[in-house]
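Just so it is clear: in the sequence shown, position 214 is 214 by full-length UniProt numbering, and no numbers are missing. Beta carbons: idealized from backbone N, C-alpha and C, even for Gly. Okay, structure first, notes after.
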Amino acid sequence: MNKFMGLFRMKSLVEFRTVSTRITADGKEVPKTKNFENRITLIGADNSVSITDLKSAQNLSLKRELKLVKIQDVDSKTRRPVYKLMNNAEYHAEELARRKEKQAVRQNSFIKREKFLTFSSRIGEHDLMTGVKKMIKLLEKQYEIKVVVAGEGEGTAKIEQISDVVEKNIKAIGKMVQKRNKGNNLKFQLVPLKQNLSQDSNEKSSSGNESDRGPL
């Protein structure tokens, strides 16, 4: 009986070795590399989490008529990509949030840096127009400009007149935002128009689902 069990174990070992190793031309045994499917972390429609392969997740999404969306390239802890099964409403909400995020990144990189300008409410017309021309050049170079008009006994009407002249002359290339009075001073910001950025964003929105995080 012991002899039989020994032969059985020997046979099992040989069969196992033929599966787990390979023999090179010079007779050396080299362990075979395990061939795993692409493993992913899958978040279900009910927020349940499971580990599966990409093909199975795709089949499941088709079976349940859901969108399979890649929400994270690689999880820092598991080193696996993260996918989520979504219905149409969830998918469109995710797409909208992603587009807003991308647009915010573009807007942050759109403006180079800030410039600060101060004017007196007693400024003459010639000097004011010289300052306006400087603002236009800065806006063309994608600068954000913070402006302070210091009131010096001229009253709010004069300060408002200066801001109106500035806004009228820069409206083709920029816009005035965050206009507010602080004591005797008037503060506002001038930001370059983002027409090209908006057009690019709209074109991408209307072009459909061309993102690598879209449904598979």
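Check residue i in the structure and name its three-state DSSP category.
i: Lys-84; result: strand
i: Ile-51; result: strand
i: Leu-60; result: helix
i: Glu-114; result: strand
i: Ser-205; result: Since pLDDT at Ser-205 reaches only 48, below the 50 mark, its modelled position is unreliable, and the value read off the structure follows with that caveat. If DSSP states are grouped into helix, strand and coil, Ser-205 belongs with the helices.
Would you grab the beta carbon distance between residue i and residue j for me? Rounded to a whole angstrom, and I think it's under 8 Å.
i: Phe-119; j: Gly-131; result: 6 Å
i: Leu-190; j: Gly-174; result: 5 Å
i: Asn-87; j: Ala-45; result: 7 Å
i: Ile-136; j: Arg-80; result: That pair is no contact at about 52 Å.
i: Tyr-83; j: Leu-68; result: 6 Å
i: Leu-139; j: Ile-170; result: 6 Å
Going by DSSP, what residues sit across from residue i in a beta bridge?
i: Gln-189; result: Lys-146 and Val-177
i: Gln-72; result: Val-82
Using the C-alpha atoms, what's the distance from residue j back to residue i?
i: residue 231; j: Ile-159; result: No answer is possible for residue 231: it lies beyond the span of the chain, which begins at 1 and ends at 216.
i: Lys-194; j: Gln-161; result: 26 Å
i: Leu-60; j: Ile-43; result: 12 Å
i: Arg-113; j: Gly-151; result: 27 Å
i: residue 218; j: Lys-134; result: Because the chain is modelled from 1 through 216, residue 218 falls outside the range shown and cannot be assessed.
i: Arg-64; j: Ile-51; result: 18 Å
i: Gln-58; j: Ser-76; result: 23 Å
Can you give me the start and stop residues for the beta strand (DSSP E) that residue i sits inside?
i: Thr-156; result: From DSSP, Thr-156 is part of no beta strand (DSSP E) but of the alpha helix (DSSP H) over 156-170.
i: Arg-39; result: 39-43
Mind checking which residues open and close the alpha helix (DSSP H) that includes residue i?
i: Asp-127; result: 125-140
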